[in-house]
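Protein chains in written order, with the UniProt record's numbering: chain V, 1 to 223; chain F, 1 to 186.
Read through the structure below, which is laid out as C-alpha cells, and then see the notes.
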C-alpha cells in the first residue's frame, strides 16, 4: 500500500538537492495527504520535514529583521502559518498512528533489514519506545500486579489491533502506466497482493486488496 | 479528512486580482508573487486574494468558469451524462463558496452562480450515491471515478470505506479458517 501511495518515495531522493522550495512544499503536502489516508504508518519523510523546518526558521529569522507594519511581512507570516499547519498536521497524524499501532510499528522496526529505510524518524522511534514502556508500566500499576502471577504479562502485539491492510482506499492516478491489472474480487483470501488500476484517465479508483491466483484478471478498459 | 482541510487545499489555487496598492515582488517559500501595481491584474493564491480583499486592498477577478452561461452548460452536461462530467476546477465547490462569501461584490450575478453550482453539486452527489449503491449491490472490487473532486470524495469517504470494509469482513468470515487469529483494526 505504501508503495502505491508514495511512489515518489525512493526514486526521487537523488534529486533532492535540486528541489526548489515550492516543490518541497508540494512534497510535504503529498506526504501529509498520503499519511492521512493510509491505514498504516508510512515511511518517514524526515528529509522533507527537515528541509521545510529549515525554510521556516530561515524565513522567520529574516522576518525578525523587518520593521513592524510591513505589508510584505504579514504576507510572509501568513504563508509560514499555512506551511506550519500542514507540517504539524502531518507529524501529528504520524504520532496518532504510532500511538495506535505502537507494538506493530516497533516490531517492524526490529525486523527491518540492514540498509532498508526506517519507518520511523529517530524522534518518532524514541517516542514509540517510550510510549510502549509507559503503557506497560501503567497497565502493571493499575491492574496487572493485582492479578495472579501467571496472568501478569500482556503480549502487546496481541493486545493492540494491527492496521487493517485489506482496507478499501481511494487512489488517484498520477501518470499513465501500462500492464497494470485489477483482478476481480475472489473468495481466496489467504495471500493478498496489492493490485491497482493505474491509468492516466482514471482519476480515482476504489480499490480492494485482491488475491493472486489463476483466475482471469479484469483489464481496466481504457477510454 | 475535515472539509475545512479540503478548503485549505483549495486556497492554493491561483486567482487573478486587481490590486489598488503597489508593492515589489514578494519571494514566498511557495514561489514568487507580484509585483503589485494599482490597476494591473496579477495572479495570486486564493488565500492571499481573500486576505487582501478583506482588507479592501484589491478586487478579485472571478475565474473564467464562474460565469452563468458556462455553468449552465456544465449543469446541462452533468444532467445528461450518466457518468461524472468534467468539472471546471478541481475545487469548484470550495472556490465558489470562498469567493462568493468574501467577494460577492466582485462577481457578477453571484446569486445565480451560487444556485448553479449548488445544482451541479447536487446532481453529482446524487450520482455518487447511486453509483455507491450499485457498487455495493454488485459486490464490485474496484470502480473508476473520473472527474470526481476531493470534496466530493470526502463527503462519502469514511462512510463508504468503512461500510465496504465491514461488509468485506462479514463476507470473509463466512469462510472457515480465513482469519489469522490476530486482532485487527477496523
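Note that the Cβ used here is the ideal one computed from N, Cα and C, for glycine as well.
Rounded to whole angstroms, the gap between the alpha carbons of residue 50 (chain F) and residue 85 (chain V) is 18 Å. By DSSP's assignment, residue 42 (chain F) forms a beta bridge with F:17. At least one beta carbon of chain V lies nearer than 8 Å to the beta carbon of residue 28 (chain F). In terms of CA proximity to residue 24 (chain V), V:45 leads the group V:132, V:45, V:101.
For residue 160 (chain V), the secondary structure class from DSSP, reduced to helix, strand or coil, is coil.
Put simply, the CB of residue 166 (chain V) is near chain F, with a gap under 8 Å to one of its CB atoms.
In terms of beta-carbon proximity, residue 92 (chain F) stays away from the interface with chain V, with every pair separated by 8 Å or more. Per DSSP, residue 155 (chain V) lies in no alpha helix (DSSP H) and is assigned neither H nor E. Within its own chain, the residues whose Cβ lies closer than 8 Å to the Cβ of residue 123 (chain F), once the five positions on either side in sequence are excluded, are 75, 78, 79, listed in chain order. When Cβ-Cβ separations below 8 Å define contact, residue 1 (chain F) makes contact with chain V.
Within the UniProt domain "GINS subunit" (65-169) of chain F, those residues whose Cβ lies closer than 8 Å to any Cβ of chain V are, in chain order, 135, 139, 140, 141, 142, 143, 144, 145, 146, 147, 148, 153, 157, 160, 161, 164, 165, 168. Of all residues in the region 65-87 of chain V, the ones placed with a Cβ closer than 9 Å to any Cβ belonging to chain F are 71, 72, 74, 75, 76, 78, 79, 80, 82, 83, 85, 86, in chain order. In the three-state reduction of the DSSP assignment, residue 36 (chain F) falls in the strand class. Residue 84 (chain V): member of the alpha helix (DSSP H) spanning 71-110, first to last residue. Selection F:157, F:153, F:106 evaluated against residue 18 (chain F) yields F:106 as nearest (Cα-Cα). Beta-bridge annotation (DSSP): residue 60 (chain F) is paired with F:17.
Straight across, the Cα-Cα distance linking residue 57 (chain V) with residue 99 (chain V) is about 28 Å. When Cβ-Cβ separations below 8 Å define contact, residue 51 (chain F) makes contact with chain V.
Residue 30 (chain F) is bridged by DSSP to nothing; it lacks a bridge partner. Within a 10 Å sphere around the beta-carbon of residue 35 (chain V) sit 16 or more other beta-carbons, which makes this residue buried. Residue pairing from DSSP places residue 23 (chain F) in a beta bridge opposite F:36.
The beta carbon of residue 155 (chain F) is closer than 7 Å to those of 125 in its chain, skipping five residues each way along the sequence.
Secondary structure of residue 27 (chain V) (DSSP, three-state): helix.
Separation of the CB atoms of residue 13 (chain F) and residue 91 (chain F) is rounded to 6 Å, and the pair is thereby assigned contact status at 8 Å. Annotation: residue 47 (chain V) to residue 133 (chain F) spans about 43 Å, alpha carbon to alpha carbon.
In its chain, beyond the 5 residues on either side, 19, 20, 21, 22 have a beta carbon closer than 8 Å to the beta carbon of residue 38 (chain F).
Interface annotation for the region 4-37 of chain F against chain V: 23, 26, 28, 29, 30, 31, criterion Cβ-Cβ distance under 7 Å.
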